[in-house]
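Residue numbers (my numbering), protein chains in the order written: chain A, 4 to 346; chain B, 1435 to 2051.
We put the beta carbon where it would ideally sit given N, CA and C, even for glycine.
A quick write-up on the structure given underneath.
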Ligand code: HEM
Ligand SMILES: [Cu+2]
Ligand SMILES: [Cu+2]
């Protein structure tokens, strides 16, 4: 391995010596005919400009054909489909702009290379032109802003509504835990000082809402139902990222964040759609959270509602032994689970 | 005064006649030669702005190469996660045991790479070099308003660099929480080893850095406001100076907020407060700090963080404006619109920070507001791009290395600005936030555009700094390899983001769906290596030319601005005689009727009846 290092140094030195020769030679030559040299530089670099434009754009299109199939499949959630649609509109606008501006830039660079018999066009102000390229982007952006904002409002309205199946995603270094709210659809309250080895989420066993809460190490969701994720962290900031559903929300210690969405395809359907029998959904941690950040994840499955109900039955309660003892009739506190958890 | 015989700017001589009673006359040149400069006062503790500029540049080049090495190491990890890289252990010691990069040290590398590139290279390196060099020279001042503060600014910067470098060598490793150092991760040594001593050093280093930046900025602002030569109205300043001016104002207004954020973090870490900490259970015990909010830190950080990206970009745009105009032999198109758009960008940059926080649980309405303000930034940006393109149109383009980098800057600015529009749209940002899409975006704008601006500046003003020319041929090779390397690295990266790959992952092994992306990672790393190697051409060219480059003439690029009226040999006070007076704007290139295709700012209209237009007076 030291050989490698030595080789690198030797090779580097050789290159440097070679460069020195080239440079010395070049500066000797250039003294003689600077103008001719600049003229040839102008020729070659302007050709470089047009070549870079043409080859660059072609390679770009080629790469897009190659790599786009590797990007995420079509969204598997309701709002995700809307986001994908919006993305398509945005890309269309951006690509048109991209092509126009890059072509103009490199083409002009190519076309107007120096010619000593010519003067440039002394043209330095034109209010009409400035107005055009202020107003057109403004109109286009106004359209993008309004469509984007209205989609954002749709998405966040749902999260604020507190409707849907309540599931807590509890993040810690370096895993996620899911807690299903059970029949009452209310999470029992929790507090970080109550955390113990046997109660890693610090859940309040005396809270009536706790009794039917279920704990899972896998996120299983019923297709077609609205899901309300209630997200917490107990140590550092993590991020709940479900790329196939276009869902992301940070897990922040000291507060509860939410994201509501509706899965529209089961895992089996996705396997068919992608032609990949091994396809699985995934939840990843997407905020740097420590050394094993890259390994923080939770498996995700979407199933038909009936299968979901069956699966729920097999999950364990938060406090299995006390389950029977917990009085089911006590009314839940008026404030939402979210506020009680946030204290 | 050493007047170059080939000097096409004979008009410089007129300066003396026009500078009657100018306020700077009295502190002329006579006392400059009284004392012999020794090595220490000339090279090390100099208060001369030109020397300080060179000091900044050299430190920035060193730091830049170091940060580049770091990136190559972690890029190799990402492309060949299973390979053993035997040289790693030699280079980084225990963190590369048996040729395997340690996952914790991966994060440390990413963190320090980002910190160095954003702050030490693109903030201090770019502004520190070119604001220092050009503000007095292009405005007709003998030096900065305060030479002492200026030197102090450099020395704080040097100290902060040394502390940052020192943190690389400590037992628990340097800061590893990402360059944005979000708490609680950065506040709790229990959470990651890098948040121990490494993070303390990071914070101390940044405190010095901020002090340096503030001293520098205050100096730039007061120099620009007070020390312009006679006739140098604000509306006759080159766009470089406008850019430095606006940048300095941004810095003065935003860096103190970063200092506040950092100090509160210091308190949380060392003095038992809990500004950013709440409800934390770590290392088997609940933390007594409670009641704070980690989100508060993000608000403070990005209140600096977003203006910071323009602190990085605006000077690059300013340098490019000058370089593109000079080399197109044509006035910059829309001088006033360029200033206006920079002012609008600067203003907007203070009210968009929330676009980094769409998915933090921030109130969705606030998110909408930030979408609105963020997308507005695209309008002045578009104006700038079209003005650059129109400047090229029907120009008479001299392809020098700096011109190539100037054009490259416009190209990457377009590309990165467009992906910014996706990211600024909160609904779309949900799925690409914190993925490689963001990494691609900001490397195209900062890692490419701003770096291109810096290279353009170095090639263009190298003769002003060292009295010699850099080799053009090597410059061309450097440019073409660099732009190919950069686009090859960062264009494919967008697809990783669109495939849902999170950033700051040591390896993409968590999810089987990422397995087929390894090809993209190969391509990215190979191009990164190409781009990295190309920088050695620059390094060689730079240091070789200092000693052996071709001697420059006084005004090698046939420019109009004042810095080229100073003698090639540096002297304290810049002009041996009186300071030249300014009579016109800096962009009279290719003026119809004029004898030559450029007219220096020092030439009065009375001498150019053949080219005067009705607006000239
Ligand atoms: C039209 C112009 C631009 C828009 C609309 C824009 C928008 C954005 C947005 C929304 C983000 C946050 C993305 C996320 O984390 O999800 C972002 C990230 C970033 N942008 Fe831009 N941007 C623009 C131009 C620039 C420029 C010119 C620079 C620098 C010179 C820049 C540097 C950055 C950096 C450094 C980050 C990432 C910070 C991090 O998370 O580490 N952007 N940009
Ligand atoms: Cu995590
Ligand atoms: Cu920003």
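Look up residue 286 of chain A in the DSSP assignment and give the residues it is bridged to.
-> Residue 286 of chain A sits at position 283 when you count from the first residue of the first chain. Within the DSSP bridge table, the entry for residue 286 of chain A names A:301 as partners.
Residue 1737 of chain B to residue 1685 of chain B, Cα distance in whole Å?
-> The sequence position of residue 1737 of chain B within the second chain is 303, counting from 1. The sequence position of residue 1685 of chain B within the second chain is 251, counting from 1. If I take the Cα positions, the gap works out to 11 Å.
Are the C-beta of residue 1733 of chain B and some C-beta of chain A separated by less than 8 Å?
-> Here residue 1733 of chain B corresponds to residue number 299 of the second chain, with the count starting at 1. Output row for residue 1733 of chain B: interface = no.
Own chain, CB closer than 7 Å to residue 1955 of chain B, minus 5 neighbours either side, in chain order | Here residue 1955 of chain B is taken as the residue at index 521 of the second chain, counted from 1. The beta carbon of residue 1955 of chain B sits closer than 7 Å to the beta carbons of 1512 and 1513 from its chain, once the five residues preceding and following it are set aside; these are given in chain order.
Say whether the segment 1917-1932 of chain B touches the segment 1868-1882 of chain B, bearing in mind that this needs 3 or more beta-carbon pairs closer than 8 Å, one atom from each stretch.
-> Three or more pairs of CB atoms, one per stretch, sit closer than 8 Å, so the segment 1917-1932 of chain B contacts the segment 1868-1882 of chain B.
Within chain A, the residues that residue 1914 of chain B reaches when beta carbons sit closer than 9 Å = For the purposes of this step, residue 1914 of chain B is taken as residue 480 along the second chain, with counting starting at 1. Against residue 1914 of chain B, the close residues of chain A are 48, 51 and 55, in the order they occur along the chain (beta-carbon pairs closer than 9 Å).
Contact under 8 Å by Cβ, residue 251 of chain A with residue 289 of chain A | On the first chain, position 248 is the one that residue 251 of chain A refers to. On the first chain, position 286 is the one that residue 289 of chain A refers to. Cβ atoms of residue 251 of chain A and residue 289 of chain A: closer than 8 Å.
Own chain, CB closer than 8 Å to residue 1893 of chain B, minus 5 neighbours either side, in chain order | On the second chain, residue 1893 of chain B is found 459 positions in, with the first residue counted as 1. So the qualifying residues of the chain are 1834, 1835, 1836, 1839, 1904 and 1909.
Would you say residue 185 of chain A and residue 222 of chain A are within 8 Å of each other, going by their C-beta atoms?
-> Here residue 185 of chain A corresponds to residue number 182 of the first chain, with the count starting at 1. Here residue 222 of chain A corresponds to residue number 219 of the first chain, with the count starting at 1. With a cutoff of 8 Å on beta-carbon distance, residue 185 of chain A and residue 222 of chain A are scored as not near each other.
Answer yes or no: the CB of residue 290 of chain A versus the heavy atoms of ligand 2, is any distance below 7 Å?
-> One-based indexing of the first chain puts residue 290 of chain A at position 287. Using a cutoff of 7 Å, the CB of residue 290 of chain A counts as near ligand 2, since one of the ligand's heavy atoms is closer than that.
If you measure from the beta carbon of residue 1962 of chain B to each beta carbon in chain A, is any gap under 8 Å?
-> By 1-based counting over the second chain, the position of residue 1962 of chain B is 528. Chain A, which has no Cβ nearer than 8 Å to the Cβ of residue 1962 of chain B, makes this no.
For residue 232 of chain A, which three-state DSSP category applies?
-> What you label residue 232 of chain A is simply residue 229 of the first chain in a count that begins at 1. Under the three-state reduction of DSSP, residue 232 of chain A is assigned to strand.
Is residue 137 of chain A near ligand 1, in the sense that its beta carbon is under 7 Å from a heavy atom of that ligand?
-> For the purposes of this step, residue 137 of chain A is taken as the residue at position 134 of the first chain. Not under cutoff, so the answer is no.
Hey, residue 263 of chain A and residue 162 of chain A: beta-carbon distance below 8 Å or not?
-> As a working note, residue 263 of chain A is residue 260 in the first chain. As a working note, residue 162 of chain A is residue 159 in the first chain. Yes, the Cβ-Cβ distance between residue 263 of chain A and residue 162 of chain A is below 8 Å.
Skipping 5 residues on each side, what residues in its chain have a beta carbon closer than 6 Å to that of residue 1889 of chain B?
-> Reading the second chain from its first residue, position 455 is the one you call residue 1889 of chain B. Around residue 1889 of chain B: 1839.
is_contact[residue 202 of chain A, chain B] using C-beta, thresh 8 Å = Taking the first chain and counting its residues from 1, the one referred to as residue 202 of chain A is at position 199. The Cβ of residue 202 of chain A sits no closer than 8 Å to any Cβ of chain B.
Counting only runs that start and end within the segment 72-147 of chain A, where is the alpha helix (DSSP H) found for 4 or more residues in a row?
-> Correct list: 81-114.
Would you list, in chain order, the members of the segment 108-119 of chain A that have their beta-carbon closer than 8 Å to a beta-carbon of chain B?
-> Of all residues in the segment 108-119 of chain A, 108, 109, 111, 112, 115, 116, 117 and 118 have a Cβ within less than 8 Å of some Cβ in chain B.
Best match in A:92, A:41, A:312 and A:235 for proximity to residue 1862 of chain B [C-alpha to C-alpha] = Reading the second chain from its first residue, position 428 is the one you call residue 1862 of chain B. That would be A:92, whose Cα lies nearest to the Cα of residue 1862 of chain B.
From this set, A:175, A:134, A:74 and A:95, which residue's C-alpha is nearest residue 294 of chain A's C-alpha?
-> Locating residue 294 of chain A in the first chain gives position 291, counting from the first residue. Of the candidates A:175, A:134, A:74 and A:95, the one whose C-alpha sits nearest the C-alpha of residue 294 of chain A is A:175.
Please find out if some non-hydrogen atom of ligand 1 comes closer than 7 Å to the beta-carbon of residue 1783 of chain B.
-> Here the question's residue 1783 of chain B lines up with position 349 in the second chain. Taken from the Cβ of residue 1783 of chain B, every heavy atom of ligand 1 lies 7 Å or farther away.
Rounded to a whole number of angstroms, what is the C-alpha to C-alpha distance between residue 268 of chain A and residue 305 of chain A?
-> Within the first chain, numbered from 1, the residue matching residue 268 of chain A stands at position 265. Within the first chain, numbered from 1, the residue matching residue 305 of chain A stands at position 302. Their Cα atoms are separated by approximately 7 Å.
Any Cβ of chain A within less than 8 Å of the Cβ of residue 1926 of chain B?
-> As a working mapping, residue 1926 of chain B is identified with position 492 in the second chain. With 8 Å as the cut-off, residue 1926 of chain B counts as an interface residue toward chain A.
Please determine if the segment 126-137 of chain A and the segment 1815-1824 of chain B are in contact, where contact requires at least 3 C-beta pairs separated by less than 8 Å.
-> In short, these stretches touch, since the Cβ pair count reaches three.
Mind checking the segment 251-267 of chain A against chain B and listing, in chain order, the residues whose C-beta falls within less than 7 Å of any C-beta there?
-> The segment 251-267 of chain A vs chain B, Cβ under 7 Å: 251, 252, 253, 255, 256, 257, 258 and 260.
The segment 272-305 of chain A: which residues have C-beta closer than 8 Å to a C-beta of chain B, in chain order?
-> Hits within the stretch, in order: 281, 282, 283, 285, 287, 288, 289, 290, 291, 292, 293, 294, 295, 296, 297, 298, 299 and 300.
To the nearest angstrom, how far is it from the Cα of residue 1530 of chain B to the Cα of residue 292 of chain A?
-> Position 96 of the second chain, counted from the start, is the residue given in the question as residue 1530 of chain B. Position 289 of the first chain, counted from the start, is the residue given in the question as residue 292 of chain A. Going from the Cα of residue 1530 of chain B to the Cα of residue 292 of chain A covers about 22 Å.
Put residue 262 of chain A into one of helix, strand or coil per three-state DSSP.
-> As a first step, residue 262 of chain A is located in the first chain; it is residue number 259 there, counting from the start. It is a strand residue.
Thinking C-alpha only, which one of B:1557, B:1977 and B:2003 is nearest residue 1681 of chain B?
-> In the second chain, counting from the first residue as 1, residue 1681 of chain B sits at position 247. The option with the nearest alpha carbon to residue 1681 of chain B is B:1557.
Which same chain residues, not among the five before or five after residue 345 of chain A, have their C-beta less than 8 Å away from its C-beta?
-> Along the first chain, one-based indexing puts residue 345 of chain A at 342. Note on residue 345 of chain A: pLDDT 37, under 50, position unreliable in the model; the coordinate value appears next. Non-local C-beta neighbours of residue 345 of chain A in its own chain, meaning closer than 8 Å and more than five positions away in sequence, comprise 257, 258 and 259, ordered along the chain.
Which value, in whole angstroms, describes the spacing of the CA atoms of residue 1989 of chain B and residue 1891 of chain B?
-> Here residue 1989 of chain B is taken as the residue at index 555 of the second chain, counted from 1. Here residue 1891 of chain B is taken as the residue at index 457 of the second chain, counted from 1. Straight-line Cα distance between these residues: approximately 15 Å.
Can you tell me whether DSSP reads residue 1460 of chain B as helix, strand or coil?
-> In the second chain, residue 1460 of chain B corresponds to position 26, counting from 1. Low confidence applies here, because residue 1460 of chain B scores a pLDDT of 41, under 50, leaving its location unreliable; read the following figure in that light. Helix, per DSSP.
Cα-Cα separation between residue 320 of chain A and residue 241 of chain A, rounded to whole angstroms | The residue given as residue 320 of chain A occupies position 317 in the first chain. The residue given as residue 241 of chain A occupies position 238 in the first chain. Their backbone Cα atoms lie some 25 Å apart in a straight line.
The alpha helix (DSSP H) enclosing residue 1888 of chain B, as first and last residue numbers | Here residue 1888 of chain B corresponds to residue number 454 of the second chain, with the count starting at 1. Counting along the chain, the unbroken alpha helix (DSSP H) around residue 1888 of chain B starts and ends at 1885-1900.
Whether residue 1636 of chain B touches residue 1601 of chain B by CB criterion (8 Å) = Counting from one through the second chain, the residue named residue 1636 of chain B turns up at place 202. Counting from one through the second chain, the residue named residue 1601 of chain B turns up at place 167. Cβ atoms of residue 1636 of chain B and residue 1601 of chain B: closer than 8 Å.
By Cβ distance below 6 Å, which residues in the same chain neighbour residue 1598 of chain B in space, the five residues on each side in sequence not counted?
-> Within the second chain, numbered from 1, the residue matching residue 1598 of chain B stands at position 164. Taking C-beta separations shorter than 6 Å and ignoring five residues to either side along the sequence, the partners of residue 1598 of chain B in its chain run 1639, following chain order.
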